[in-house]
Amino acid sequence: MPRDRRGNKLEVRLSDKEAQELFALVDSLGGPLYEKLKAAIASAVAEQCRGSFLWNVMMTYGCDRELARMMLREQYRERGSTWMQKHWGFSGVVIRKGLRELGIRTKSRLYNNAPHGLACEAFARYGGIENVLRRFQTVGRFSSVCKVHSTTLGQYLRKKGYRYNRNTGRWEKCQILTL
203 MPRDRRGNKL EVRLSDKEAQ ELFALVDSLG GPLYEKLKAA IASAVAEQCR
253 GSFLWNVMMT YGCDRELARM MLREQYRERG STWMQKHWGF SGVVIRKGLR
303 ELGIRTKSRL YNNAPHGLAC EAFARYGGIE NVLRRFQTVG RFSSVCKVHS
353 TTLGQYLRKK GYRYNRNTGR WEKCQILTL
């Protein structure tokens, strides 16, 4: 946190709109001094120190919190946290914490590396359980395409009333017998 000559902390409070306008103005001027001013504006908006994940996000998206929230939500849903770690250069814990601070709902650690998250989302994305089983024949093949672990997919199928038939090597819908 920056300090004045007497050692007191300097605090800047900007609304999102003010920060965007100020960032755009400083960005249009250019120069090394203006880069430092842009960094200070990004620190104020992100409420983080220079070099942090949210600071980098604000510098990238011009201190526009709504644009940053929209872009990060899309990246997280479409590509997953593993891609975000490579792209942004921060650990998964730091990225998930930053996403939560921006108000983006994150998946549990068990599912966060899968771009499509839970098994139900993966099946829905590819047209439902019946279509997936018809198209891919095995859960292993579908797992490699949707990037959800095959064990997770199998557990979901069992919950939905499917059983693996070892004789045929296929998943089949169970017939419920009532007496």
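Each residue of the sequence shown is one higher than the last, beginning at 203 in the numbering used here. Glycine included, C-beta positions come from ideal geometry on N, C-alpha and C.
For residue 290 versus residue 255, is the C-beta distance shorter than 8 Å?
Within the sequence shown, the letter at position 88 stands for residue 290. Within the sequence shown, the letter at position 53 stands for residue 255. Yes, they are a contact pair.
Is it true that the segment 294-302 meets the segment 320-333, where meeting means three or more beta-carbon pairs spaced less than 8 Å apart?
no
Residue ranges of each beta strand (DSSP E) within the segment 332-371, 3 or longer
364-367
Take the Cβ of residue 372 as the centre, count every other Cβ of all protein chains shown within 10 Å, and call the residue buried at 16 or more, exposed below.
Locating residue 372 in the sequence shown gives position 170, where the first residue counts as 1. Exposed: under 16 other Cβ atoms inside 10 Å.
Close-in-space but distant-in-sequence residues of the same chain around residue 263 (CB under 7 Å, 5 per side omitted):
As a position in the sequence shown, residue 263 is number 61, starting the count at 1. Cβ neighbours of residue 263 beyond the five flanking positions: 269, 270 and 273.
Once you ignore the five residues that flank residue 287 on each side, which residues in its own chain have a CB closer than 6 Å to its CB?
Locating residue 287 in the sequence shown gives position 85, counting from the first residue. Correct list, in chain order: 294.
Pick from 257, 283, 220 and 325 that is closest to residue 355, judged by C-alpha positions
Locating residue 355 in the sequence shown gives position 153, counting from the first residue. The option with the nearest alpha carbon to residue 355 is 325.
In angstroms with no decimal places, state the Cα-to-Cα distance between residue 277 and residue 370.
Counted from its first residue, the sequence shown places residue 277 at position 75. Counted from its first residue, the sequence shown places residue 370 at position 168. Cα-Cα distance, rounded: 40 Å.
Tell me, please, which residues DSSP counts as bridged to residue 219.
Sequence index remark: in the sequence shown, residue 219 carries index 17 (1-based). None, per the DSSP bridge assignment.
Measuring straight from C-alpha to C-alpha, what distance separates residue 321 and residue 225?
Locating residue 321 in the sequence shown gives position 119, where the first residue counts as 1. Locating residue 225 in the sequence shown gives position 23, where the first residue counts as 1. Computed Cα separation, rounded: 42 Å.
What are the boundary residues of the alpha helix (DSSP H) that residue 306 is part of?
Counted from its first residue, the sequence shown places residue 306 at position 104. Segment: none, residue 306 is in no alpha helix (DSSP H) and carries neither H nor E.
Just to confirm, are residue 275 and residue 306 a CB contact at a threshold of 8 Å?
Translated into positions along the sequence shown, residue 275 becomes position 73. Translated into positions along the sequence shown, residue 306 becomes position 104. Contact flag set, yes.
Going by beta carbon distance, what residues of the same chain come within less than 7 Å of residue 334, once the five residues before and after it are set aside?
The sequence position of residue 334 within the sequence shown is 132, counting from 1. So the list reads 325, 328 and 344, once near-sequence residues are dropped.
Between residue 208 and residue 259, what straight-line distance do the alpha-carbon atoms span, to the nearest angstrom?
Numbered from its first residue, the sequence shown carries residue 208 at position 6. Numbered from its first residue, the sequence shown carries residue 259 at position 57. Going by the C-alpha atoms only, they are around 32 Å apart.
Could you compute how far the alpha carbon of residue 339 sits from the alpha carbon of residue 304?
Along the sequence shown, read from residue 1 onward, the residue named residue 339 stands at position 137. Along the sequence shown, read from residue 1 onward, the residue named residue 304 stands at position 102. Each residue's Cα considered, the two are about 40 Å apart.
By how many angstroms is the C-alpha of residue 299 removed from the C-alpha of residue 360?
Position 158 of the sequence shown holds residue 360. Position 97 of the sequence shown holds residue 299. Going by the C-alpha atoms only, they are around 33 Å apart.
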